[in-house]
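Notes follow once the structure below has been shown.
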Amino acid sequence: MALDRSPGAMAAVLTDGREVQAAHLAKIDAAFERVASGHPTRLLLTMPPRHGKSRRAARWGPLWYLRRRPEHRVMIASYSSDLADDHGRWIRDAIHTYSPQLGIGLRAGSSAANRFDLVGTEGGAVMAGVGGGLTGKGAHLAVVDDPIKDAQEASSPTMRKRLWEWWQAVLLTRIEPGGSVILIQTRWDEDDLAGRILADERDRWTVIDLPALALADDALGREVGAPLWPHRYDSTALAEIRRSVGERVWWSLYQQQPRPQEGGVWQWAWITQNRFSAARFRGIDLARIVVAVDPAGGESAVGDETGIVAAARDRDGHLYVLEDRSGNRGADAWGRETCLLAIELRADAIVVEANYGGDMSRQILHQAWQELEREHRTESMLMPAVLSVTAKHGKRLRAEPVAQLYEQGRVHHVGEWSVLEQQMVTWVAGMDSPDRMDAAVHALTELADPRQAAVGSTAYSDSRLTGRR
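Here the sequence shown is numbered in our numbering, starting from 542 and rising by one per residue.
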């Protein structure tokens, strides 16, 4: 019964307790248990190096799975064929060593490190390096462990594209109907394999994020700052690692946030110390409300959201972030969502990024408004003025004046906008700026001083501001 319970339990039995268990390793066990019980699973689990993920996910886990489902086939892929073969060799040797206890054995003449079959069944395993072929039979379970070799590979757009193409065209095409995929990796770059999955397919995946030191909403229920594996790396050890590797590597490889938390244009305190509750905001006398849109554009799969952010200005010059309705939307959807938000907040203007098809963006907004008029959903409002902005200067030059307003305590977030805020405090010059952040910058720049903002905003003159509050 212990052998069947989980990979960790089996490992403890076969090694007489030498194989240790931990809460984060139990998350890997749970994924294998779910797959073995017949529930198709797509799991993305991100965690730091040297925390036992490869040993559990690419060795004990597949070995346990083959014991439970010997008629199934398993694929194991890593950044190199040598590493994948090491995993295969370990599993093969473990079957030799523990065959009587496991109840499975290797078919005669089929015991290579990169491919072996089980005796008496169609089951077995095949190993391959990322980018290599996976020919032959399909897989009921594919385990991809550490698909990225190092920082140099992770920073190469060509290598990232090649990995994504292999993932789509090779690995996923080998999965049997009802099969499962477990991807376990350390984060390297915002646009790495995990980043692309999070950007394109998050709703189809179970995502478990396990940083070395707990952040908010921790998957294990840890308090913020608690170590992931204190038995092996306590707070002191992790602090020493952080000093050694530097902030950028620390936040990518160890915290699974592939952008540094400090040293960016924004700081957490500027947001958290000036936050407004909804109740406190009710007493504010507003002068203007705008909705800003940054349509999806660019080549990165991470930057394919449309940023839709609403902001307001009071009569004393303080600014307020009211809503973040950003998301992955097609043109018709983002145009409609923008107009609905403008109606909901009684916005007087819609600010739209014009770098990517400016005239088309304006047309999308006008068509969306006309459609809502036909549906009698505009509440007899005039359509807000559509103000096109063109990013004539670098992203840092656009962001820094807005960040200075945050530092001065003049910008208040009404409620919490966690994704937008995370993007702000982790962005540094030289990185692609995310669309939520760009939309917020456009909105706040327009409200702060539209006549002097260096973004090409055009003013408008009608009576839509009359009677604002």
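Here a beta-carbon is modelled for each residue, glycine too, at the ideal position from N, C-alpha and C. The structure displayed is predicted, hence computed values, not measured ones.
Closest to residue i by C-alpha separation, out of the options, would be which residue?
| i | options | result |
| --- | --- | --- |
| Lys594 | Val561, Ser578, Arg608 | Val561 |
| Arg656 | Gln797, Ile636, Pro641, Arg630 | Arg630 |
| Leu659 | Leu860, Arg610, Arg701, Glu694 | Arg610 |
| Met924 | Leu906, Ala940, Thr986 | Leu906 |
| Val790 | Ser651, Asp741, Trp729 | Trp729 |
| Ile830 | Ser776, Asp857, Ile891 | Ile891 |
| Gln904 | Glu914, Leu913, Val927 | Val927 |
| Ala563 | Val748, Leu882, Trp770, Ala909 | Trp770 |
| Arg745 | Arg816, Ser721, Ala695 | Ser721 |
| Thr727 | Asp686, Glu706, Leu754, Asp759 | Asp686 |
| Glu894 | Glu914, Glu987, Trp809, Arg816 | Glu987 |
| Gly650 | Thr638, Arg633, Leu643, Pro641 | Arg633 |
| Arg701 | Ile738, Met668, Ile725 | Ile738 |
| Ala872 | Leu860, Arg816, Gln908, Ser640 | Gln908 |
| Ala757 | Gln963, Ala989, Pro975, Arg977 | Gln963 |
| Gly858 | Pro688, Trp875, Arg877, Leu827 | Leu827 |
| Arg546 | Gly558, Asp557, Asp570 | Asp570 |
Which same chain residues, not among the five before or five after residue i, have their C-beta less than 7 angstroms away from its C-beta?
| i | result |
| --- | --- |
| Gly673 | Ser622 |
| Glu840 | Its pLDDT being 40, under 50, Glu840 is placed unreliably by the model, and nothing is read from it. |
| Arg575 | Thr582 |
| Gly805 | Val966, Thr967, Trp968, Val969 |
| Ala577 | Tyr606, Arg609, Arg610 |
| Trp811 | Tyr947, Glu948 |
| Pro768 | Ala753, Leu754, Tyr774, Asp775, Ser776, Leu779 |
Is DSSP giving residue i helix, strand or coil here?
| i | result |
| --- | --- |
| Ala853 | strand |
| Thr919 | coil |
| Tyr1001 | With a pLDDT of 40 at Tyr1001, under the threshold of 50, the modelled position of that residue is not reliable, and the figure given next carries that caveat. In this structure, Tyr1001 counts as coil in the three-state DSSP scheme. |
| Asp732 | coil |
| Glu612 | coil |
| Ile716 | strand |
| Gln693 | helix |
| Tyr639 | helix |
| Gly942 | Here residue 942 turns out to be Pro, not Gly, going by the sequence shown. Helix, per DSSP. |
| Ala842 | No answer about Ala842 holds up, because its pLDDT of 44 lies below 50 and its placement is not dependable. |
| Gln797 | coil |
| Glu864 | strand |
| Val969 | coil |
| Arg977 | helix |
| Pro581 | coil |
| Asp557 | coil |
| Ser547 | coil |
| Gln726 | strand |
| Arg656 | strand |
| Thr887 | Reading off the sequence shown, one finds Arg at residue 887, where the question assumed Thr. Three-state result, Arg887: coil. |
| Ser818 | coil |
| Asp744 | helix |
| Ser721 | strand |
Excluding five sequence neighbours on each side, which residues of the same chain lie with their C-beta closer than 6 angstroms to the C-beta of residue i?
| i | result |
| --- | --- |
| Gly719 | Pro581 |
| Asp723 | A small fix is needed here, since residue 723 is Ile in this sequence, not Asp. Excluding positions up to five away in sequence, the list reads Ala572, Leu584, Val684. |
| Arg715 | Leu675, Gly679, Ala680 |
| Glu717 | Gly679, His681 |
| Pro752 | Gln796, Gln797 |
| Ile825 | Asp855 |
| Ala888 | Ile830, Val831, Val832, Pro925 |
| Ile725 | Leu586, Lys594, Ala598, Asp686 |
| Leu985 | Ala852, Leu860, Val943 |
| Val516 | Any property of residue 516 remains undetermined from this structure, which presents the chain solely from 542 to 1010. |
Return the Cβ separation of residue i and residue j in integer angstroms, given the expectation that the two are a contact with Cβ distance under 8 angstroms.
| i | j | result |
| --- | --- | --- |
| Tyr620 | Lys568 | Not confirmed; about 22 angstroms, so no contact. |
| Val834 | Ala981 | So it is not a contact: roughly 11 angstroms between Cβ atoms. |
| Ala618 | Val671 | 6 angstroms |
| Asp865 | Leu961 | 5 angstroms |
| Val832 | Leu882 | 5 angstroms |
| Glu612 | Glu663 | 6 angstroms |
| Ala944 | Trp809 | In fact, because the Cβ distance is near 12 angstroms, the residues do not count as touching under 8 angstroms. |
| His628 | Ala599 | 4 angstroms |
| Leu863 | Leu886 | 6 angstroms |
| Gly644 | Ile636 | With 8 angstroms as the limit, Gly644 and Ile636 do not qualify as a contact, their Cβ atoms being about 10 angstroms apart. |
| Asp979 | Gly848 | 6 angstroms |
Can you name, in chain order, every residue of its own chain whose Cβ lies under 8 angstroms from the Cβ of residue i, other than the five neighbours on each side?
| i | result |
| --- | --- |
| Trp601 | Pro548, Gly549, Met551, Ala552, Glu560 |
| Ala760 | Lys568, Ile749, Asp750, Leu751 |
| Ile884 | Leu913, Arg918, Thr919, Glu920, Met922 |
| Ser867 | Glu846, Thr847, Gly848, Ile849, Val850, Val960, Leu961, Asp976, Arg977, Ala980 |
| Glu781 | none |
The ligand SAM and residue i: does any heavy atom of the ligand fall closer than 7 angstroms to the residue's C-beta?
| i | result |
| --- | --- |
| Ala984 | This structure lacks the ligand SAM, and indeed carries no ligand of any kind. |
Inter-stretch contact at 8 angstroms, needing at least 3 Cβ pairs: the segment 777 to 797 / the segment 815 to 827 = The segment 777 to 797, when compared against the segment 815 to 827, does not touch it at the 8 angstroms Cβ threshold.
Say whether the segment 951 to 965 touches the segment 694 to 710, bearing in mind that this needs 3 or more beta-carbon pairs closer than 8 angstroms, one atom from each stretch.
-> No, they do not touch.
Touch test, the segment 698 to 708 against the segment 769 to 783, Cβ-Cβ under 8 angstroms, three pairs minimum = With a cut-off of 8 angstroms, the segment 769 to 783 and the segment 698 to 708 do not count as touching, because too few Cβ pairs lie within range.
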